[in-house]
Amino acid sequence: MATSNHPSYPSRYTTGLGRAGASSSAPPNTFNTPAYGPSGKTAQRIEADRLEAQRREREERERIMQAGQNQLGELSEEQREEIVEAFNLFDLDQDKHIDYHELKVAMKALGFDLPKSEIHSILQAHGVPSNPQPMSKSKNAAGSSQQPYQPPPRLLLPLASFQTLMAARIRDRHPQEEILRAFDLFDEGGKGSITVQDLKRVARELGEGLQDEELEAMIEEFDMDGDGAISRDEFVGICLG
Numbered sequence: 601m602a603t604s605n606h607p608s609y610p611s612r613y614t615t616g617l618g619r620a621g622a623s624s625s626a627p628p629n630t631f632n633t634p635a636y637g638p639s640g641k642t643a644q645r646i647e648a649d650r651l652e653a654q655r656r657e658r659e660e661r662e663r664i665m666q667a668g669q670n671q672l673g674e675l676s677e678e679q680r681e682e683i684v685e686a687f688n689l690f691d692l693d694q695d696k697h698i699d700y701h702e703l704k705v706a707m708k709a710l711g712f713d714l715p716k717s718e719i720h721s722i723l724q725a726h727g728v729p730s731n732p733q734p735m736s737k738s739k740n741a742a743g744s745s746q747q748p749y750q751p752p753p754r755l756l757l758p759l760a761s762f763q764t765l766m767a768a769r770i771r772d773r774h775p776q777e778e779i780l781r782a783f784d785l786f787d788e789g790g791k792g793s794i795t796v797q798d799l800k801r802v803a804r805e806l807g808e809g810l811q812d813e814e815l816e817a818m819i820e821e822f823d824m825d826g827d828g829a830i831s832r833d834e835f836v837g838i839c840l841g
């Protein structure tokens with residue numbers, strides 16, 4: 601049988617795997633810098649910046665709380681009681697701490713309807729972490745113990761912080777805002793006016809034994825347009841003199 605000699609072709613791909621002396625290490629670092637992570641000086645600077653930011657944040661919190669304490673003393677006894685009553689009303693578990701939802705409605709009761717972002721900012725700046733519930737370890741298929749994921753604790757606002765923060769806001773509030781809040785307390789149903797029926801209700805709640813004729817005389821005295829009720833503008837005019 602005739603045979604034919606085929607020329608041998610070189611291999612197209614060569615890898616060097618299995619060859620003696622072949623190196624699998626990364627190429628040398630020609631820039632004379634560490635391969636991974638910041639240098640020692642860089643890490644120290646980052647840590648120093650972090651500590652300085654924490655110090656400034658702590659000082660700002662202390663300044664705000666001190667200002668709030670001073671302004672709390674400037675409020676009337678009635679205003680201070682109103683702050684505590686709003687807190688206690690929405691502190692549903694009566695632990696002298698309120699969470700995000702309780703804080704939002706308590707502030708709204710005092711006339712401060714803040715957006716979600718501002719409520720979170722208050723808790724981030726002045727809140728304290730709640731006590732996390734202990735969680736038992738679970739076992740995987742191999743029988744080894746695994747620590748389950750535990751979310752970060754909720755932030756709660758203590759009563760003392762609520763008092764100082766609300767005192768600062770009430771102290772800085774424009775007088776007309778206080779007047780309009782008082783108007784809303786009289787104006788049942790938000791109809792935009794105070795009627796004799798509103799005065800009767802408030803007098804009854806306060807335990808004042810006023811006669812209908814006296815209440816009607818109050819309306820007539822300040823009812824500038826003669827519609828039988830006191831509007832917002834008329835009420836503001838009465839209070840501002």
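Numbering (this note's numbering), first residue to last: 601 to 841.
We put the beta carbon where it would ideally sit given N, CA and C, even for glycine.
Here the structure is a predicted model, which means the values were calculated and not measured.
Going by CA-CA distance only, name the one from the options that's closest to residue i.
{"i": "L806", "options": "L785, E677 and E813", "result": "L785"}
{"i": "P729", "options": "G711, L757, D823 and K704", "result": "L757"}
{"i": "P775", "options": "G711, L651 and L689", "result": "G711"}
{"i": "R771", "options": "Q679, A643 and R655", "result": "Q679"}
{"i": "L723", "options": "I838, N731, K704 and K708", "result": "K704"}
{"i": "F822", "options": "I719, L810, F835 and Q644", "result": "F835"}
{"i": "A706", "options": "I838, T795, I683 and D649", "result": "I683"}
{"i": "F783", "options": "E685, G837, E681 and N731", "result": "G837"}
{"i": "A768", "options": "S639, E813, E820 and L672", "result": "L672"}
{"i": "T795", "options": "E808, I779 and D812", "result": "D812"}
{"i": "G841", "options": "E808, L810, D787 and I779", "result": "I779"}
Looking at the secondary structure, which residues open and close the alpha helix (DSSP H) in which residue i lies?
{"i": "L759", "result": "L759 to D772"}
{"i": "M818", "result": "D812 to F822"}
{"i": "P775", "result": "P775 to F786"}
{"i": "E834", "result": "R832 to L840"}
{"i": "L806", "result": "V796 to L806"}
How close, in whole Å, do the beta carbons of residue i and residue j come, if the pair is a contact with beta carbons under 8 Å?
{"i": "L714", "j": "E702", "result": "Not a contact, Cβ separation roughly 13 Å."}
{"i": "G727", "j": "L755", "result": "3 Å"}
{"i": "A709", "j": "A686", "result": "5 Å"}
(Q) Using 8 Å as the cut-off, can you tell me whether the segment 689-709 makes contact with the segment 755-775, which would need three or more C-beta pairs spanning the two stretches below that distance? (A) yes
Q: Please determine if the segment 787-806 and the segment 819-836 are in contact, where contact requires at least 3 C-beta pairs separated by less than 8 Å.
A: yes
Q. Which runs of the alpha helix (DSSP H), 4 residues or longer, sit entirely within the segment 685-727?
A. 700-709 and 716-726
(Q) Would the segment 793-804 count as touching the segment 763-781 if we require 3 or more Cβ pairs under 8 Å? (A) no
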